[in-house]
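Heads up, the thing below is written out as structure tokens.
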Amino acid sequence: MMIAIGNDHTGYELKMEIIKYLEEKGIEYKDYGCGKLDSSDYPQYAKDVGRAIQNKECNLGILICGTGIGISIAANKMKGIRAALCHDCFSAEATRQHNDANVLALGARVVGPGLAVKIVDTFLNAEFSGQERHSRRIQMIEE
Ligand code: RB5
Numbered sequence: 670m671m672i673a674i675g676n677d678h679t680g681y682e683l684k685m686e687i688i689k690y691l692e693e694k695g696i697e698y699k700d701y702g703c704g705k706l707d708s709s710d711y712p713q714y715a716k717d718v719g720r721a722i723q724n725k726e727c728n729l730g731i732l733i734c735g736t737g738i739g740i741s742i743a744a745n746k747m748k749g750i751r752a753a754l755c756h757d758c759f760s761a762e763a764t765r766q767h768n769d770a771n772v773l774a775l776g777a778r779v780v781g782p783g784l785a786v787k788i789v790d791t792f793l794n795a796e797f798s799g800q801e802r803h804s805r806r807i808q809m810i811e812e
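Quick note: the sequence shown uses the numbering used here, first residue 670, plus one each step.
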């Protein structure tokens, strides 16, 4: 499994916590930035991570901005990208099972690092149920 991770300036510190978790677990990742704390534009990172999933360079993505809202709105403009903003583990599991979400969005100003890492762990370990009704609904979104 290859994870694409990207963030704006507000998400940089949380990204580093998540990267620590990924490395501890031996999960491969590609970091699409930003790597600095200066002001940056979240749509750029949504685009870079979305592209990595569209072209199958990565299987799943993690995007972080202050609220998680702007970066998930931007990612969801891209074909085939289903970005889910989750600030609890129930949603993180359900969105993989029901929506086959391929990007997890997080708000660094909303959740602390402890909860954020648990949400990431839940998201990465959950699987799409494959049930017909869920596949049908995803197909409807795509159309
Ligand atoms: C940056 O100040 C902030 O607007 C951004 O990180 C994000 O929260 C947007 O949705």
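No residue lacks a Cβ here, since even glycine has one placed at the ideal position from N, Cα and C.
As the structure is a prediction and not an experimental result, all values here were calculated from the model.
**Message:** Given a cut-off of 8 Å on the beta-carbon distance, is the pair Cys-758 and Thr-764 in contact?
**Reply:** Position 89 of the sequence shown holds residue 758. Position 95 of the sequence shown holds residue 764. Not closer than 8 Å, so no.
**Prompt:** Among Met-747, Thr-736 and Gly-735, which residue has its Cα nearest to the Cα of Asp-717?
**Reply:** Reading the sequence shown from its first residue, position 48 is the one you call residue 717. Cα-wise, what sits closest to Asp-717 is Met-747.
**Request:** Give the straight-line distance between the Cα atoms of Gln-800 and Glu-812, rounded to the nearest whole angstrom.
**Result:** Reading the sequence shown from its first residue, position 131 is the one you call residue 800. Reading the sequence shown from its first residue, position 143 is the one you call residue 812. Spanning the two alpha carbons is a distance of roughly 19 Å.
**Prompt:** The alpha helix (DSSP H) spanning Cys-758 covers which residue range?
**Reply:** To locate residue 758, count along the sequence shown from 1; it is residue 89. First-last of the alpha helix (DSSP H) with Cys-758: 758-768.
**Message:** Just verifying my parser: in three-state terms, what is the DSSP assignment at Leu-706?
**Reply:** Within the sequence shown, the letter at position 37 stands for residue 706. Residue state, collapsed to three classes: coil.
**Message:** Taking DSSP's pairing of strands, which residues face Gly-675 in a bridge?
**Reply:** The residue you call residue 675 lines up with position 6 of the sequence shown. In DSSP, Gly-675 forms a bridge with Leu-732.
**Item:** Same chain, Cβ closer than 6 Å to Leu-775, five either side skipped, listed in chain order
**Value:** The count along the sequence shown starts at 1 and reaches residue 775 at position 106. Ile-733, Gly-737 and Ala-785, listed in sequence order.
**Request:** Would you kindly work out how many angstroms separate the C-alpha atoms of Arg-720 and Tyr-681, rounded to a whole number?
**Result:** As a first step, residue 720 is located in the sequence shown; it is residue number 51 there, counting from the start. As a first step, residue 681 is located in the sequence shown; it is residue number 12 there, counting from the start. Taking the straight line from one Cα to the other gives about 20 Å.
**Prompt:** Would DSSP call Gly-680 helix, strand or coil?
**Reply:** For the purposes of this step, residue 680 is taken as residue 11 along the sequence shown, with counting starting at 1. If DSSP states are grouped into helix, strand and coil, Gly-680 belongs with the helices.
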